[in-house]
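Novice: Just so you know, we're using numbering that gives the first Met the number 0 here: the sequence shown kicks off at 0 and counts up by one. We put the beta carbon where it would ideally sit given N, CA and C, even for glycine. The structure is given below, and queries will be raised subsequently.
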Amino acid sequence: MFRWVKSKIYIALILLVLVVVFGVLGFRFFSNYSWVDALYMTVITMSTVGFGEVQPLDDMAKLFTVFLIGTSVSIFAYSVSVITEYIVNKNDPKRVQYRKLQKMIEKLENHIIIIGYGRNGKQAAVKLMAYDKPFIIIENDREVIEKYQNDKLMFFEGNATEDSTLIDAGIKKASCLICTLPEDADNLFIVLSARQINSNLKIISRASQDASYKKIRLAGADNVIMPDRIGGDHMASLVVVPDLIEFLDNLSIVGKRSINIEEVSFEDMFEDNERRTIRTIDMRSKTGCTIIGYKSPEGEYIVNPEAETLLLPGSKIVVLGRPEQINKLNKEFNI
0 MFRWVKSKIY IALILLVLVV VFGVLGFRFF SNYSWVDALY MTVITMSTVG FGEVQPLDDM
60 AKLFTVFLIG TSVSIFAYSV SVITEYIVNK NDPKRVQYRK LQKMIEKLEN HIIIIGYGRN
120 GKQAAVKLMA YDKPFIIIEN DREVIEKYQN DKLMFFEGNA TEDSTLIDAG IKKASCLICT
180 LPEDADNLFI VLSARQINSN LKIISRASQD ASYKKIRLAG ADNVIMPDRI GGDHMASLVV
240 VPDLIEFLDN LSIVGKRSIN IEEVSFEDMF EDNERRTIRT IDMRSKTGCT IIGYKSPEGE
300 YIVNPEAETL LLPGSKIVVL GRPEQINKLN KEFNI
């Protein structure tokens, strides 16, 4: 809206300049005025102040003056309305906040976009804040925004099913989209739109129904999460293997002081592309951490990899350790 008003101001200014030029040339041609007199007559005609003519006008000059008055009054009135609208919008607190938010979004790169601030959206935001990841939340409910808005949470008010909202939230420069809306149809539509706008975007979406799982994947989601299924599976596992599940629940991946599991990429640990093995980096003796997983550059996962497993550029390792060991790992490899 604000950008549209600014564009209208440019149009109004151009029209005013054209009318002035037209008036000066007209008085110069029809009445043989000097350039200064022609400009003077044009200005007093446009402003309708009622001053007298520099010299008497003939019939052709009078007809030209009538036409100039009708044209200039209309353009002048249009310009005044546009400028007034611009001033009002510029001083509107909501507009000021919107412009401030837009400037912040323009500075974001490789950020995460969270769609919806319900239960899943809140959990996603908490974890991203724990890892100091830049993110923005698209929320359509003004009451939710007013309730939770603070210095740590950046909200963008709008309907995420509209492409313009996604673009204004910086989806073209984003690295990931997390779609947490309760309606599968909305998630499906957003995933489809987001994939078309940014083909390199990593998209994670929620699904409530089994029938929606495949559809959202086909629409372009990299991962589809079904919270109800995960919750039911977790509760059943507490019956079948309670000690194992309680142990896993005690492993923390959130918070700098309590983290037990960390994912580390090859590029985070090494600046060169030299090949290494798990044995040669000797992580266990240097940091106390144990490598429990390996992801190859092709995306293949290996649980409890062998000591001779090659660490290649583009690969990642998953390490397990106590918080102080994880901190030692970060210091050892300058992560």
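1. Report buried or exposed for residue 0, applying the criterion of at least 16 other Cβ atoms within 10 angstroms of its Cβ.
2. Compute the Euclidean distance between the alpha carbons of residue 60 and residue 26, then round it to the nearest angstrom.
3. Rounded to whole angstroms, what's the CA-CA distance from residue 268 to residue 209? Just pull it up for me.
4. First and last residue of the alpha helix (DSSP H) that includes residue 229?
5. Find the nearest neighbour of residue 139 within the set 185, 207, 126, 108, judged by alpha-carbon distance.
6. Check the DSSP bridge columns for residue 18 and list the partner residues they point to.
7. On the criterion of 16 or more Cβ atoms from any shown chain inside 10 Å, does residue 176 qualify as buried, or is it exposed?
8. Looking at residue 196: is its Cβ nearer than 8 Å to the Cβ of residue 168?
9. Could you give the first and the last residue of the continuous alpha helix (DSSP H) run that contains residue 187?
10. Is the Cβ-Cβ distance between residue 288 and residue 319 less than 8 Å?
11. What residue range does the alpha helix (DSSP H) around residue 283 cover?
12. Ends of the beta strand (DSSP E) at residue 308?
13. In whole angstroms, give me the CA-to-CA distance for residue 244 and residue 233.
14. Rounding to the nearest angstrom, what Cα-Cα distance links residue 237 and residue 260 in this structure?
15. Please say whether residue 111 and residue 100 have beta carbons closer to each other than 8 Å?
16. Among the candidates 309, 298, 187, whose CA atom is the shortest distance from the CA of residue 206?
17. With DSSP as the reference, label residue 249 as helix, strand or coil.
18. Round the Cβ separation of residue 304 and residue 290 to the nearest angstrom and send it over; I've been treating them as touching at under 8 Å.
19. How far does the alpha helix (DSSP H) with residue 38 in it extend, from its first residue to its last?
20. Please tell me whether residue 262 and residue 172 are closer than 8 Å, where the distance is taken between their beta carbons.
21. Start and end of the beta strand (DSSP E) containing residue 262?
22. Exposed or buried, which one is residue 67 when buried takes at least 16 other CB atoms within 10 Å?
23. Of all the options 200, 144, 162, which has the alpha carbon lying nearest to the alpha carbon of residue 192?
24. My assumption, with CB atoms under 8 Å, is that residue 30 sits in contact with residue 56. Please give the rounded CB distance.
25. Using DSSP bridges, identify the partner residues of residue 204.
26. Quick one: using the 10 Å Cβ neighbour count with 16 as the cut-off for buried, is residue 315 buried or exposed?
27. If you compare alpha carbons, which of 202, 7, 332, 39 is closest to residue 77?
28. Using a threshold of 8 Å, state whether the C-beta atoms of residue 190 and residue 159 are closer than that.
29. Using 10 angstroms around the beta-carbon of residue 235, count the other beta-carbons present and answer buried if the total reaches 16, otherwise exposed.
Specialist: With the given structure in hand:
1. Residue confidence is low: residue 0 scores 47 on pLDDT, short of 50, so the model does not pin down where it sits. No coordinate-derived value is stated.
2. 7 Å
3. 40 Å
4. 226–239
5. 185
6. Note: residue 18 sits in no beta bridge, so no partner.
7. buried
8. no
9. 183–196
10. yes
11. 282–286
12. That residue, residue 308, is in no beta strand (DSSP E); it is neither H nor E in DSSP.
13. 8 Å
14. 21 Å
15. no
16. 187
17. helix
18. 6 Å
19. 34–46
20. no
21. 260–264
22. buried
23. 162
24. 6 Å
25. 178, 223
26. buried
27. 7
28. no
29. exposed
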